[in-house]
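Numbering (the UniProt record's numbering), first residue to last: 1 to 187.
Ideal placement from N, C-alpha and C gives every residue a C-beta, glycine not left out.
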């Protein structure tokens, strides 16, 4: 163990009994029902993939999570090249300190040596809409994969204008909680 820790850094290998349970730190997603479905929130320092059809709330969910980062660093990998600083600021994101990466391809984002929260959202579909673009690397590296779908529009009290979108989020993969579940929310 000492040799491995010497080569790769202290804590690279440890006895499970001395790891203190090896709990994964989480932070709020911005939606309590989603946090409950995730077993406490989004994992810190892990890759989270948010995918679904256009206009389903992917960007809004990612930005709410970034606004909740609790003082840590956040990096947004914007594979769609659709980042809007004004909208982000309106949702509470500290745009002055946000790190934004707009890669030409997904592998570029995954090869970046980062230790921050990474919010991935790849919203462009080719072929089967249940399959995300970018190959299998993102599915493999992501600790959490969230599938988001619009379930309807939210109308004003008068009913004359649409003021939001009601969505369903399905935890399709989680390396940090035991089960997959669904959550209804209005981002």
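Nearest-angstrom beta carbon gap, residue j and residue i [assumed within contact, 8 Å]
i: residue 63; j: residue 24; result: The pair is not a contact, with the Cβ atoms about 22 Å apart (cut-off 8 Å).
i: residue 147; j: residue 52; result: 6 Å
i: residue 102; j: residue 78; result: 5 Å
i: residue 49; j: residue 145; result: 5 Å
i: residue 55; j: residue 150; result: 7 Å
Close beta carbons around residue i, own chain, < 8 Å, minus the five adjacent residues each side
i: residue 153; result: 162, 164, 165 and 166
Residue i classed as buried or exposed, judged by whether at least 16 other C-beta atoms fall within 10 angstroms
i: residue 42; result: buried
i: residue 156; result: exposed
i: residue 27; result: buried
i: residue 74; result: buried
i: residue 90; result: exposed
Three-state class that DSSP yields for residue i in the structure shown
i: residue 89; result: helix
i: residue 145; result: strand
i: residue 150; result: strand
i: residue 33; result: helix
i: residue 7; result: helix
i: residue 27; result: strand
i: residue 175; result: coil
Contacting residues, own chain, Cβ-Cβ under 6 Å from residue i (five flanking each side not counted)
i: residue 65; result: 29, 30 and 42
i: residue 175; result: 143
Fully enclosed by the stretch 40–75, which beta strand (DSSP E) runs are 3 residues long or longer? Taken in chain order, the complete beta strand (DSSP E) segments of 3 or more residues contained in the stretch 40–75 are 47–51.
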